[in-house]
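Scroll down for the structure; my scribbles are underneath it.
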């Protein structure tokens, strides 16, 4: 199946990834097919063809002219991460060689963002490497959602628009009519305190609790203790992503031990690497609230899962970038 692109009369073109090798992963719940963004923006989807040679090399051809146009490539760097990242780089190169006026890489989920610093000797800072690759491929700007850490923006030598998806989750929680006096926002680790504090402030200035965690290796976490009071409260755990769900589930178990009556898990990026689904559906969590910055396969659905769309948020941001309007004012 061909890849897709948003097109508008004033010269906005928004190609998006929908490669045949992974099309079965994409559904209406994911903005990866760009249909929801196109619907919000009132635009038609343009065309781009992505194929594979027999040895796995990626072939990209734009199926319409982008000469002198403002091009937005929508591509979350999700599984299979390396292949999709390579597709993004080649699409950027194709647009540049087709004389696009400006190319913006819209990356709802920025892969390799966790490798943003050296914590041990002889480690790579892969986030910086990927930023260099995107820049050298010819992108003029990057638009990304909820980066793992804000410092990743500094790895790019081109402008970065950081889109915060918290408003979408906050609106959903507000619709549940949970009393503010019964709420407590929980950071699953010390590194996420700033994110949780900002979330708590916008959630009726709810109190904050912190799970003190010791990590012994990648995707391996051990919960030590809880800082704060959750007894008799509805605990809302906030993180940027859920990968194997070890941190979230161990944190939820601790919160129940400390007297929380209900535990909700909220995150932007539903990475859901095995055995995340088994852990999340174990009954410890009242609800798992995620956004569709990543495609979630139907086989990974479970009763407690709620997927919220950020297509309107991204569509509005794309318009503002194109019109040279303020993006930060969206989140005030």
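Residue numbers (full-length UniProt numbering): 1 to 332.
Virtual Cβ for every residue (Gly too), placed ideally from N, Cα, C.
#1: Please say whether residue 58 and residue 47 have beta carbons closer to each other than 9 angstroms?
#2: Residue 128 and residue 155 - do their beta-carbons sit closer together than 9 angstroms?
#3: DSSP on residue 296, reduced to helix/strand/coil?
#4: Determine whether the beta carbon atoms of residue 196 and residue 238 lie at a separation below 9 angstroms.
#5: On the premise that residue 252 lies in contact with residue 265, defined as a C-beta separation below 8 angstroms, what is that separation, rounded to the nearest angstrom?
#6: So who's on the other strand from residue 237, going by DSSP bridges?
#7: Could you check the C-alpha separation between residue 76 and residue 240 for me, to the nearest Å?
#8: Please report the residue range of the alpha helix (DSSP H) in which residue 256 lies.
#9: Is the stretch 277-285 touching the stretch 61-77 in the sense that three or more CB pairs, one from each, lie closer than 8 angstroms?
#10: Alpha carbon to alpha carbon, what distance is there between residue 249 and residue 280?
#11: Just the Cα atoms here: how many angstroms apart are residue 202 and residue 62?
#12: So residue 230 and residue 259 are supposed to be a Cβ contact under 8 angstroms. How far apart are they, rounded?
#13: Just to confirm my understanding: we take residue 328, look at its own chain, exclude 5 residues before and 5 after, and list those with CB closer than 7 angstroms. What are they?
#14: CB residue 138 to CB residue 103, shorter than 9 angstroms?
#15: Please report how far the alpha carbon of residue 303 lies from the alpha carbon of residue 262, in whole angstroms.
#16: Between which residues of its own chain and residue 305 is the CB-CB distance below 6 angstroms, once the five residues before and five after are set aside?
#17: Label residue 332 either buried or exposed according to how many other C-beta atoms from any shown protein chain fall within 10 Å of its C-beta, with 16 as the threshold for buried.
#18: Going by DSSP, name the residue or residues bridged to residue 40.
#19: My assumption, with CB atoms under 8 angstroms, is that residue 145 sits in contact with residue 112. Please give the rounded CB distance.
#20: When burial is assigned at 16 or more other CB atoms within 10 Å of the CB, is residue 213 buried or exposed?
#21: Could you give the DSSP three-state label for residue 230: helix, strand or coil?
#22: Roughly how many whole angstroms lie between the Cα atoms of residue 99 and residue 269?
#23: Assuming residue 310 contacts residue 161 under a Cβ cut-off of 8 angstroms, what Cβ separation, rounded to an integer in Å, is found between them?
#24: Please report the straight-line C-alpha distance between residue 175 and residue 205, rounded to a whole angstrom.
#25: Give the C-beta separation of residue 89 and residue 134 to the nearest angstrom, bearing in mind that I take them to be a contact with Cβ-Cβ under 8 angstroms.
#26: Let me make sure I understand the geometry here. Which of 301, 143, 294 has the alpha-carbon closest to that of residue 278?
#27: What separation, rounded to the nearest whole angstrom, lies between the Cα atoms of residue 276 and residue 131?
#28: Using CA atoms only, rank isn't needed, just tell me which of 60, 64, 84, 81 is closest to residue 91.
#29: Report the residue from 120, 136, 122 whose alpha carbon sits nearest the alpha carbon of residue 86.
The answer reads as follows:
#1: no
#2: yes
#3: coil
#4: yes
#5: 7 angstroms
#6: 186, 265
#7: 15 angstroms
#8: 246-257
#9: no
#10: 7 angstroms
#11: 43 angstroms
#12: 6 angstroms
#13: none
#14: yes
#15: 16 angstroms
#16: 288
#17: exposed
#18: None, per the DSSP bridge assignment.
#19: Contact flag wrong, Cβ pair sits at about 15 angstroms.
#20: buried
#21: coil
#22: 33 angstroms
#23: 14 angstroms between Cβ atoms; not a contact.
#24: 17 angstroms
#25: 7 angstroms
#26: 301
#27: 28 angstroms
#28: 60
#29: 136
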